[in-house]
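Count along the sequence shown from 1, add 1, and you get the number used in my numbering.
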Amino acid sequence: MIETEQTALVQADLQATWNYVQDISRWATIMPGYRECQIIDQNDSRWTLKVGVGGLVRTVKVQVHVDEWAGPETVRFTFKLAGDPVHGGGTYVATATGPSETQIALKVHVIGTGPMAPMWEAMGKPLLPQFAKSFAEQLRDEIEKSVVPNSKPDEPSGKIRKIWCGLLAFLHRLRS
2 MIETEQTALV QADLQATWNY VQDISRWATI MPGYRECQII DQNDSRWTLK VGVGGLVRTV
62 KVQVHVDEWA GPETVRFTFK LAGDPVHGGG TYVATATGPS ETQIALKVHV IGTGPMAPMW
122 EAMGKPLLPQ FAKSFAEQLR DEIEKSVVPN SKPDEPSGKI RKIWCGLLAF LHRLRS
C-alpha cells in the first residue's frame, strides 16, 4: 500500500468551499488526464482518465464511490480501477482557519494486488505525493475561482480599470 496526505489553504470560507466540493464531477474534471465523468447516482461515478508513466500511456476507467458525505467538513471515498488489480480510498477534510480561509487535507491510499503489486507500488510510491499535491492545489484554485464575483463585461476589473484610466488621462494630456 502507498499513501500520502497533502494540504492546501483555500481563500474561501468553509461553506463556499463545500459548495464546490460537494459536486463529485468537479473532482473528476481536475484529475490529470481527465476524459469523461459519468455520474451513476449520488454516491457513485465512473471516471475515464488517460494516464502515463514513462513511455506507457493508457486509458483507465475508475469506479469512484463516496462512502460518506459529511459536509461541510468531510468526504470519505473509495475507488477501483476497472480491469486492473488496483483499488484504494481516502478522505477530504476541511477546517475553517479564518472567516474567509479554509484548510483542506486530502489523504489518499492506493493498494495494488496480485503478483505485480510490489512493482506497481514501487513505481507509484514517488508519484502519488506529487499527484495528490497537484490535485489539492488545483482543487484550491478551482474553489477560489468559484467564489470570485464575476464582473460584468461592461465593467472592467480593478486592474484593467486602472490601466484604462491611465491611458485616457495620458491621451487627454496629449490633446491639451
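Glycine included, C-beta positions come from ideal geometry on N, C-alpha and C. All values derive from a computational prediction rather than experimental measurement.
List the whole-angstrom C-beta distance separating residue i from residue j, where the pair is believed to meet the contact cut-off of C-beta under 8 Å.
| i | j | result |
| --- | --- | --- |
| Y93 | I105 | 7 Å |
| A95 | T8 | A95 to T8, Cβ: 10 Å. No contact. |
| T5 | V109 | 6 Å |
| Y21 | S135 | Incorrect: roughly 17 Å between the Cβ atoms, too far for contact. |
Under the rule that 16 or more other beta-carbon atoms within 10 Å means buried, what is residue i, buried or exposed?
| i | result |
| --- | --- |
| V58 | exposed |
| R141 | buried |
| R162 | Because the pLDDT of R162 is 46, which lies under 50, any placement of that residue in the model is unreliable, and the question is left without a value. |
| V149 | exposed |
| A133 | buried |
| L107 | buried |
Rounding to the nearest angstrom, what Cα-Cα distance links residue i and residue j in this structure?
| i | j | result |
| --- | --- | --- |
| P116 | M2 | 14 Å |
| D14 | T103 | 6 Å |
| D45 | F78 | 10 Å |
| V26 | A137 | In the sequence on display, residue 26 carries Ser and not Val. Those two C-alpha atoms are separated by around 15 Å. |
| K153 | H66 | Confidence at K153 is low in this model, with a pLDDT of 44, below 50, so the placement of that residue should be treated as unreliable; the coordinate-derived value is given next. Distance between the alpha carbons of K153 and H66 is about 39 Å. |
| P73 | Q139 | 19 Å |
| E69 | F80 | 13 Å |
| W121 | P100 | 43 Å |
| P33 | T60 | 12 Å |
Would you call the stretch 83-98 and the stretch 30-43 touching, i.e. three or more CB-CB distances under 8 Å?
-> Counting Cβ pairs under 8 Å, fewer than three are found: no touch.
Every unbroken alpha helix (DSSP H) within the stretch 2-63, with a cutoff of 4 residues, ordered by chain | Listed in chain order, the complete alpha helix (DSSP H) runs (minimum 4 residues) inside the stretch 2-63 are 15-22, 25-30.
Would you mind listing the beta strand (DSSP E) stretches within the stretch 87-140 that are 3+ residues and don't spill past its ends, in chain order?
-> You should have 87-99, 102-113.
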